[in-house]
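Chains as they are written, first to last, in my numbering: chain A, 205 to 418; chain B, 205 to 418.
Cβ atoms here follow ideal geometry from the backbone N, Cα and C, with glycine treated the same way.
Remember, it's a predicted structure, so these values are computed and weren't measured experimentally.
Notes for the one structure printed next.
There are 2 protein chains.
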Amino acid sequence: MTIELYCFGESGNAYKAALALQLSGLDWTPIKVDFFGGETRGADYRTQINNMGEVPVMVDGDLRLSQSGVIQDYISEKTGKFAGASPEERREVLRWVLWDNHKLSSNAGMTRFLMNFLPEEKRPQEVITFMQGRLKSAYAVLDAHLAGREWIVGDALSNADLSCCGYLYYPEPFGFVRSDWPHVDAWLNRLSEVPGWKPPYELMPGSPADRAAT
Amino acid sequence: MTIELYCFGESGNAYKAALALQLSGLDWTPIKVDFFGGETRGADYRTQINNMGEVPVMVDGDLRLSQSGVIQDYISEKTGKFAGASPEERREVLRWVLWDNHKLSSNAGMTRFLMNFLPEEKRPQEVITFMQGRLKSAYAVLDAHLAGREWIVGDALSNADLSCCGYLYYPEPFGFVRSDWPHVDAWLNRLSEVPGWKPPYELMPGSPADRAAT
Chain A
205 MTIELYCFGE
215 SGNAYKAALA
225 LQLSGLDWTP
235 IKVDFFGGET
245 RGADYRTQIN
255 NMGEVPVMVD
265 GDLRLSQSGV
275 IQDYISEKTG
285 KFAGASPEER
295 REVLRWVLWD
305 NHKLSSNAGM
315 TRFLMNFLPE
325 EKRPQEVITF
335 MQGRLKSAYA
345 VLDAHLAGRE
355 WIVGDALSNA
365 DLSCCGYLYY
375 PEPFGFVRSD
385 WPHVDAWLNR
395 LSEVPGWKPP
405 YELMPGSPAD
415 RAAT
Chain B
205 MTIELYCFGE
215 SGNAYKAALA
225 LQLSGLDWTP
235 IKVDFFGGET
245 RGADYRTQIN
255 NMGEVPVMVD
265 GDLRLSQSGV
275 IQDYISEKTG
285 KFAGASPEER
295 REVLRWVLWD
305 NHKLSSNAGM
315 TRFLMNFLPE
325 EKRPQEVITF
335 MQGRLKSAYA
345 VLDAHLAGRE
355 WIVGDALSNA
365 DLSCCGYLYY
375 PEPFGFVRSD
385 WPHVDAWLNR
395 LSEVPGWKPP
405 YELMPGSPAD
415 RAAT
């Protein structure tokens, strides 16, 4: 049975789940959610799809899961991939997935939204500047960690990489300048060379930004 | 051997780990980190204790772990407690822990810091107002979920509860008004009645706010 992923191209959180599905080799298909039309804010979505009002949501037969980290964990259970090679590595993967949720993707996603998907007159400049400062500390932590390493945990691609990269391939500006962070830059290149890798708008097509790009 | 937890009273993220240790029945002791004196920002702390420059950090013999969610996961492994009663519940616990890191504790911790631990003239009012708005959406999600439930997942206390409550017992104002969210309020009362429960400044004593409160 084909796994369905409720998602939309602009969501880096959805991309984390989509990329894990894609690189795992599982059979999956994206189901476009009309986020910008308000679908995730409606009562139907909240009661029938996700009470957190968010994407991604994965449906595999009778099983429905939300939160990209939970979906990644499920893919690892099902395929044995991306979870770390030992109990120590498994904990280290979880550590970076949690850190990403707390310090990196959460703030990057919000800042990118404010800077690109709000009308110009509604963009809260003080918030954007503040969040960009917080994000610089996060990029510095990741860059220092990746010095001398190929992957975030151990010597293989894991959910730590698939989580932290969530917002870092997008074309829209949000204050992340790849060339400022050489170890992050090299790691993003490395990850994009894994067979099957695709950028967000190719993995989750049909969004306004996707149409604008083509 | 006594488990050591590097922490300080003001940190709700440290409280999540401290409360899990406390309610698990494990033998543990808090080790005060001088956050306000800059200890977590120093090179020694980053190289020797935690490269993320954060608390909490747990030391159990040779094992050193950081991120409250990883420490909670370890406590569950060691004691069999708080992890959920089935694979479905385990995933649901992880879902709420991730959501908390993304939407609740991260933003609550930052907003509380900006409103209480920065000098008044340095408080970025636009950021505070914006984050309070985001937090209201998070309180609403949690409150709706807790309607008709005793605990966040299944019918027992789990790491989902021990994560989401991280910042909600503090006395300092940050825009969370307990009486506005009756299901959250009842759940916080319920959790505070679990034998062994203590509020943050009692579990992790010795901080400036603790001294100010006595």
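Chain B partners of residue i, CB-CB under 9 Å?
{"i": "Ala348 (chain A)", "result": "Arg250, Asn255"}
{"i": "Ser310 (chain A)", "result": "Asn305, His306, Lys307, Ser310, Asn311"}
In or out: residue i buried (at least 16 other Cβ within 10 Å) or exposed?
{"i": "Leu285 (chain B)", "result": "Position check: residue 285 (chain B) holds Lys in this sequence, whereas Leu was assumed. So Lys285 (chain B) counts as buried."}
{"i": "Ala218 (chain B)", "result": "buried"}
{"i": "Lys282 (chain B)", "result": "exposed"}
{"i": "Gly216 (chain B)", "result": "buried"}
{"i": "Pro234 (chain A)", "result": "buried"}
{"i": "Met256 (chain A)", "result": "buried"}
{"i": "Glu406 (chain A)", "result": "exposed"}
{"i": "Thr418 (chain B)", "result": "With a pLDDT of 45 at Thr418 (chain B), under the threshold of 50, the predicted position of this residue should be treated as unreliable, and no value is reported."}
{"i": "Gly247 (chain B)", "result": "A small correction: the amino acid at residue 247 (chain B) is Ala; Gly does not occupy that position in the sequence shown. Exposed, because fewer than 16 other Cβ atoms sit within 10 Å of the Cβ of Ala247 (chain B)."}
{"i": "Ile207 (chain B)", "result": "buried"}
{"i": "Ala289 (chain B)", "result": "exposed"}
{"i": "Met149 (chain A)", "result": "Examination of residue 149 (chain A) is not possible in this model, given that chain A is present from 205 through 418 alone."}
{"i": "Phe240 (chain B)", "result": "exposed"}
{"i": "Asp266 (chain B)", "result": "exposed"}
{"i": "Asn393 (chain A)", "result": "exposed"}
{"i": "Arg353 (chain A)", "result": "exposed"}
Name the chain B residues whose beta carbon is nearer than 7 Å to that of residue i?
{"i": "Trp355 (chain A)", "result": "Per Cβ cutoff of 7 Å: no residues; Trp355 (chain A) is ~16 Å from chain B at best."}
{"i": "Gly242 (chain A)", "result": "Going along chain B, no residue has its Cβ under 7 Å from Gly242 (chain A), so there is no contact; the nearest lies around 14 Å."}
{"i": "Gly273 (chain A)", "result": "Leu298, Leu302"}
Would you mind reading off the limits of the alpha helix (DSSP H) that contains residue i?
{"i": "Trp300 (chain A)", "result": "291 to 303"}
{"i": "Leu269 (chain A)", "result": "Premise fails: Leu269 (chain A) lies in the beta strand (DSSP E), 267 to 270, not in any alpha helix (DSSP H)."}
{"i": "Met256 (chain A)", "result": "Run containing Met256 (chain A): none; DSSP gives neither H nor E here."}
{"i": "Thr244 (chain A)", "result": "Per DSSP, Thr244 (chain A) belongs to no alpha helix (DSSP H) and is neither H nor E."}
{"i": "Cys368 (chain A)", "result": "363 to 368"}
{"i": "Met314 (chain B)", "result": "309 to 320"}
{"i": "Pro335 (chain A)", "result": "Residue 335 (chain A) is actually Met in this sequence, not Pro. Here the alpha helix (DSSP H) through Met335 (chain A) covers 329 to 350."}
{"i": "His306 (chain B)", "result": "Per DSSP, His306 (chain B) belongs to no alpha helix (DSSP H) and is neither H nor E."}
{"i": "Tyr405 (chain A)", "result": "404 to 407"}
{"i": "Ser396 (chain A)", "result": "386 to 396"}
{"i": "Gly216 (chain A)", "result": "216 to 228"}
DSSP puts residue i in a beta bridge; with which residues?
{"i": "Lys236 (chain B)", "result": "B:Cys211"}
{"i": "Asp264 (chain A)", "result": "A:Leu267"}
What residues from chain A crowd round residue i, counting only those whose CB sits closer than 8 Å?
{"i": "Leu269 (chain B)", "result": "Arg295, Arg299"}
{"i": "Asp277 (chain B)", "result": "Arg295, Leu298"}
Please list, in chain order, the chain A residues whose beta carbon lies closer than 7 Å to that of residue i.
{"i": "Phe334 (chain B)", "result": "Pro328, Val331"}
Quick one: list the residues of chain B neighbouring residue i, beta-carbon separation under 8 Å, in chain order.
{"i": "Val345 (chain A)", "result": "Asn255, Met256, Gly257"}
message: At a CB distance below 7 Å, what residues from the stretch 313 to 332 of chain B approach chain A? Give them in sequence order.
response: Pro328, Glu330, Val331
query: Listed from N- to C-terminal order along the chain, which residues in the stretch 361 to 376 of chain A have their beta-carbon within a distance smaller than 8 Å of any beta-carbon of chain B?
result: none
- prompt: According to a CB-to-CB cut-off of less than 7 Å, which residues of the stretch 287 to 305 of chain A neighbour chain B?
  reply: Against chain B - using a Cβ distance shorter than 7 Å - the residues of the stretch 287 to 305 of chain A are Arg295, Leu298, Arg299, Leu302, Trp303, Asn305.
Residues of the stretch 380 to 398 of chain A with Cβ closer than 7 Å to any Cβ of chain B, in chain order: none
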